[in-house]
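J.:
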Amino acid sequence: MSLEKPYADVPGTTIFDADQARKGYHLNQFCMSLMSAENRTRFKANERAYVDEWPMSEEQKEALLARDYNRLIELGGNIYFLAKVFSTDGLSYLQAVSTMTGMSVEQYRNMMIEGGRSIEGNRYVGEKQ
Amino acid sequence: MARITAGVTTSHVPAIGATIDHGRTAEPYWAPMFAGYEFSKRWMTEHMPDVVILVYNDHASAFSLDIVPTFAIGCAESFPPADEGWGPRPVPVVQGHPALAAHIAQSVTQQDFDLTFVYKMSVDHGLTVPLSLLFGQASAWPCRVIPLAVNVVLYPPPSGRRCYALGKAIRRAVETFDEDLDVQVWGTGGMSHQLQGPRAGLINSPWDNAFIDRLIDDPDGLAQVPHIEYVREAGSEGIELVMWLIMRGALAEKVTTTHRFYHVAASNTAVGHLILENSK
Chain F
1239 MSLEKPYADV
1249 PGTTIFDADQ
1259 ARKGYHLNQF
1269 CMSLMSAENR
1279 TRFKANERAY
1289 VDEWPMSEEQ
1299 KEALLARDYN
1309 RLIELGGNIY
1319 FLAKVFSTDG
1329 LSYLQAVSTM
1339 TGMSVEQYRN
1349 MMIEGGRSIE
1359 GNRYVGEKQ
Chain D
1014 MARITAGVTT
1024 SHVPAIGATI
1034 DHGRTAEPYW
1044 APMFAGYEFS
1054 KRWMTEHMPD
1064 VVILVYNDHA
1074 SAFSLDIVPT
1084 FAIGCAESFP
1094 PADEGWGPRP
1104 VPVVQGHPAL
1114 AAHIAQSVTQ
1124 QDFDLTFVYK
1134 MSVDHGLTVP
1144 LSLLFGQASA
1154 WPCRVIPLAV
1164 NVVLYPPPSG
1174 RRCYALGKAI
1184 RRAVETFDED
1194 LDVQVWGTGG
1204 MSHQLQGPRA
1214 GLINSPWDNA
1224 FIDRLIDDPD
1234 GLAQVPHIEY
1244 VREAGSEGIE
1254 LVMWLIMRGA
1264 LAEKVTTTHR
1274 FYHVAASNTA
1284 VGHLILENSK
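Just so you know, the protein sequences line up as chains F and D, in that order.
Heads up: the first sequence begins at 1239 in my numbering, then just goes up one per residue.
Heads up: the second sequence begins at 1014 in my numbering, then just goes up one per residue.
1) Let me know if V1244 of chain D comes out buried or exposed under the rule of 16 or more other beta-carbons within 10 Å of its beta-carbon.
2) Would a check of beta-carbon distances place K1322 of chain F closer than 8 Å to chain D?
3) Whose CA, out of D:L1144, D:G1202, D:L1215, D:F1190, lies closest to the CA of M1061 of chain D?
4) According to DSSP, is Y1052 of chain D helix, strand or coil?
5) So, with DSSP's three-state summary, where would you put E1276 of chain F?
6) With L1215 of chain D as the anchor, note down where its alpha helix (DSSP H) starts and where it stops.
7) Taking the alpha helix (DSSP H) that L1146 of chain D belongs to, which residues open and close that run?
8) In chain D, which residues lie with their C-beta within 8 Å of the C-beta of L1368 of chain F?
9) Using beta-carbon positions only, say whether S1280 of chain D and Y1331 of chain F come within less than 8 Å of one another.
10) With H, G and I counted as helix, E and B as strand and the rest as coil, what does DSSP make of R1273 of chain D?
11) Within its chain, find whatever has a CB closer than 6 Å to the CB of F1047 of chain D; leave out the 5 residues flanking it on each side and keep chain order.
12) Using a Cβ-Cβ distance cut-off of 8 Å, determine whether D1096 of chain D contacts chain F.
13) What beta strand (DSSP E) runs, 3 residues minimum, are completely inside the stretch 1061 to 1106 of chain D?
14) Which one of D:E1246, D:R1016, D:I1252 has the shortest CA to CA distance from S1218 of chain D?
15) DSSP puts H1286 of chain D in a beta bridge; with which residues?
16) Check the C-beta distance from V1277 of chain D over to I1216 of chain D and give it rounded, since I have them as a contact under 8 Å.
17) Ignoring anything shorter than 3 residues or poking outside the stretch 1275 to 1323 of chain F, list the beta strand (DSSP E) runs there in chain order.
18) Going by the CB atoms, is the gap between L1194 of chain D and A1015 of chain D shorter than 8 Å?
19) For the beta strand (DSSP E) that contains I1159 of chain D, what are its first and last residues?
20) Report yes or no: do three or more beta-carbon pairs, one from the stretch 1052 to 1067 of chain D and one from the stretch 1257 to 1275 of chain F, lie closer than 8 Å?
21) How about A1085 of chain D and A1186 of chain D: are their beta carbons less than 8 Å apart?
22) Which residues in the same chain have their Cβ closer than 6 Å to the Cβ of A1075 of chain D, if we skip the five residues on either side of it in sequence?
23) For the structure I just gave you, are there three or more beta carbon pairs, one from the stretch 1115 to 1126 of chain D and one from the stretch 1028 to 1035 of chain D, closer than 8 Å?
24) Judging by CA-CA distance, which residue of F:Y1288, F:E1312, F:P1293, F:G1314 is the nearest neighbour of L1390 of chain F?
25) Report back the beta-carbon spacing between G1098 of chain D and M1273 of chain F to the nearest angstrom; my notes put them in contact at under 8 Å.
26) With respect to the alpha helix (DSSP H) encompassing V1121 of chain D, which residues constitute its N-terminal and C-terminal limits?
27) Looking only at C-alpha atoms, which of D:R1157, D:N1164, D:H1286 sits nearest to Y1275 of chain D?
28) Am I right that S1292 of chain D and A1265 of chain D are in contact with their C-beta atoms under 8 Å? What's the rounded C-beta distance?
29) Which residues in chain F have a C-beta closer than 8 Å to the C-beta of H1072 of chain D? List them in chain order.
30) For V1238 of chain D, name the three-state secondary structure that DSSP assigns.
31) For R1280 of chain F, return the contacting residues in chain D, with the cut-off set at a CB-CB distance below 8 Å.
32) Return yes when the Cβ of K1054 of chain D is within less than 8 Å of the Cβ of G1149 of chain D, no when it is not.
33) What is the rounded straight-line gap between the Cα of S1295 of chain F and the Cα of P1082 of chain D?
34) Taking just the CA atoms, how far does E1192 of chain D sit from A1334 of chain F?
Spelled out as structure tokens, the structure:
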């Protein structure tokens, strides 16, 4: 029997559950390595060489190099782990998170100042916007 | 004997910490949010506890994917601030209370909560941002802190019901500690926010405010709310709010609201903040 996932019908959302954690183990542990200044320097000097030290899938490596956060989440990454990557890039949560929404940083920041994304139309997949 | 004197809840957004650290709290974007903590900082100086049991979640700082404890209590002498990818926050080292932590760890485990005992741990923004919000910029934190880390990162977190019951177990543990100590329990995280995917930026103010109402007056009912409601209504990261129920469980059945504040938004997140005291 597979895991029960009552959250599968929440739109635009990937829940970091035990299945995702299993898929993303090496990706997330790579992220943890960037908590040391020395590793951040090595990563920045040659990103491809650094990610090749980790037993990640080629898809995960390419998504990392492209900073494709939606893809990284899909491939088992978790935002709090991925935060080590965008912090290394000097980006805030808001700046990094906005890249997953199809909005510019400015548009996204303004949406948050005006009260955030509305829950209406965002509870279930297929709901009318 | 030790006693629980009050409960505090607050969001723990990392950008709040960065704003305090860089002296930018008076900027127009931030000033209205920090204004909501002015009363609390004054109140705290007049009601300074000896120890804060600080319920928070680690954000992949002390705990990687190697080990993910559901509930972990910090039993160490001290806890340094973590390097989360941009260097450690310039905040004081947190001083623990190993004797009270050991007593709570033993007592609540004997009440069927299987805590993980942690004797070496760094603490990230989840723990240090609440301290900065309530104590400001300090050369040393004015009280001792026992970190209580809850897994809300790897789904499923503990249920609201379990968190609420843990709070009650912590109250019983504190009240049987021989030393004469004033203890506060802080629940942190939330409120509505989602940090991933196309739905990122979700805020649900009506749900947040109803959550606060029920936390104050109907915690038994609130504790029954299933995870899926948190995820759907308050966002994938809004599920952190189960931690507020640990604080509430540690207080009496009837509480008085000393302070209540709600603000949208800090970075990606709705900020909620409460000071609750046991009704006389």
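Backbone N, C-alpha and C define an ideal beta-carbon position, used for all residues, glycine too.
T.: Taking the structure as given:
1) For the purposes of this step, residue 1244 of chain D is taken as the residue at position 231 of the second sequence. The residue in question, V1244 of chain D, is buried, as its Cβ has 16 or more Cβ neighbours within 10 Å.
2) One-based indexing of the first sequence puts residue 1322 of chain F at position 84. It does: the Cβ of K1322 of chain F has a partner Cβ on chain D nearer than 8 Å.
3) Taking the first residue of the second sequence as position 1, residue 1061 of chain D is located at position 48. Considering only alpha carbons, the answer is D:L1144.
4) Numbered from its first residue, the second sequence carries residue 1052 of chain D at position 39. The amino acid at residue 1052 of chain D is misidentified as Tyr; the sequence shows Phe. In this structure, F1052 of chain D counts as helix in the three-state DSSP scheme.
5) As a position in the first sequence, residue 1276 of chain F is number 38, starting the count at 1. The answer is helix: DSSP assigns E1276 of chain F an H, G or I state.
6) Residue numbering aside, residue 1215 of chain D sits at position 202 when the second sequence is read from its first letter. It is not in any alpha helix (DSSP H) - L1215 of chain D carries neither H nor E in the DSSP assignment.
7) Position 133 of the second sequence, counted from the start, is the residue given in the question as residue 1146 of chain D. Where L1146 of chain D is concerned, the enclosing alpha helix (DSSP H) stretches over 1138 to 1148.
8) As shown, chain F starts at 1239 and ends at 1367. That puts residue 1368 of chain F outside it, with no answer to give.
9) Position 267 of the second sequence, counting from 1, holds the residue named residue 1280 of chain D. Position 93 of the first sequence, counting from 1, holds the residue named residue 1331 of chain F. Going by C-beta atoms, S1280 of chain D is nearer than 8 Å to Y1331 of chain F.
10) Taking the first residue of the second sequence as 1, we reach residue 1273 of chain D at position 260. Strand at R1273 of chain D.
11) In the second sequence, counting from the first residue as 1, residue 1047 of chain D sits at position 34. Around F1047 of chain D: T1038.
12) As a working note, residue 1096 of chain D is residue 83 in the second sequence. D1096 of chain D counts as touching chain F.
13) 1064 to 1069, 1084 to 1087
14) Within the second sequence, numbered from 1, the residue matching residue 1218 of chain D stands at position 205. For the residues D:E1246, D:R1016, D:I1252, the minimum Cα distance to S1218 of chain D belongs to D:E1246.
15) Stepping through the second sequence from its first residue, residue 1286 of chain D is reached at position 273. D:T1023, D:F1274, per the DSSP bridge assignment.
16) Counting from one through the second sequence, the residue named residue 1277 of chain D turns up at place 264. Counting from one through the second sequence, the residue named residue 1216 of chain D turns up at place 203. Confirmed, Cβ separation roughly 6 Å.
17) none
18) Position 2 of the second sequence, counted from the start, is the residue given in the question as residue 1015 of chain D. Position 181 of the second sequence, counted from the start, is the residue given in the question as residue 1194 of chain D. Contact flag set, yes.
19) By one-based count along the second sequence, residue 1159 of chain D stands at place 146. Run containing I1159 of chain D: 1157 to 1163, per the beta strand (DSSP E) assignment.
20) no
21) The residue labelled residue 1085 of chain D in the question sits at position 72 within the second sequence. The residue labelled residue 1186 of chain D in the question sits at position 173 within the second sequence. Cβ atoms of A1085 of chain D and A1186 of chain D: not closer than 8 Å.
22) Mapped onto the second sequence, residue 1075 of chain D falls at position 62. Within the same chain, A1075 of chain D has close Cβ partners M1134, S1135.
23) no
24) No answer is possible for residue 1390 of chain F: the residues shown for chain F start at 1239 and end at 1367.
25) Stepping through the second sequence from its first residue, residue 1098 of chain D is reached at position 85. Stepping through the first sequence from its first residue, residue 1273 of chain F is reached at position 35. Indeed they touch by this definition, with Cβ atoms about 6 Å apart.
26) Position 108 of the second sequence holds residue 1121 of chain D. Element bounds for V1121 of chain D: 1111 to 1123.
27) Looking up residue 1275 of chain D in the second sequence gives position 262. The option with the nearest alpha carbon to Y1275 of chain D is D:H1286.
28) Residue numbering aside, residue 1292 of chain D sits at position 279 when the second sequence is read from its first letter. Residue numbering aside, residue 1265 of chain D sits at position 252 when the second sequence is read from its first letter. Confirmed, Cβ separation roughly 7 Å.
29) Translated into positions along the second sequence, residue 1072 of chain D becomes position 59. By Cβ distance, chain F contributes Y1318, A1321.
30) Counting from one through the second sequence, the residue named residue 1238 of chain D turns up at place 225. Coil at V1238 of chain D, not helix or strand.
31) Working through the first sequence from its first residue, we reach residue 1280 of chain F at position 42. Residues of chain D passing the Cβ test: none, with the nearest at roughly 14 Å.
32) As a working note, residue 1149 of chain D is residue 136 in the second sequence. As a working note, residue 1054 of chain D is residue 41 in the second sequence. Yes, the Cβ-Cβ distance between G1149 of chain D and K1054 of chain D is below 8 Å.
33) Taking the first residue of the first sequence as position 1, residue 1295 of chain F is located at position 57. Taking the first residue of the second sequence as position 1, residue 1082 of chain D is located at position 69. Each residue's alpha carbon lies about 27 Å from the other.
34) Position 96 of the first sequence, counted from the start, is the residue given in the question as residue 1334 of chain F. Position 179 of the second sequence, counted from the start, is the residue given in the question as residue 1192 of chain D. Looking at the two C-alpha atoms, the distance is approximately 47 Å.
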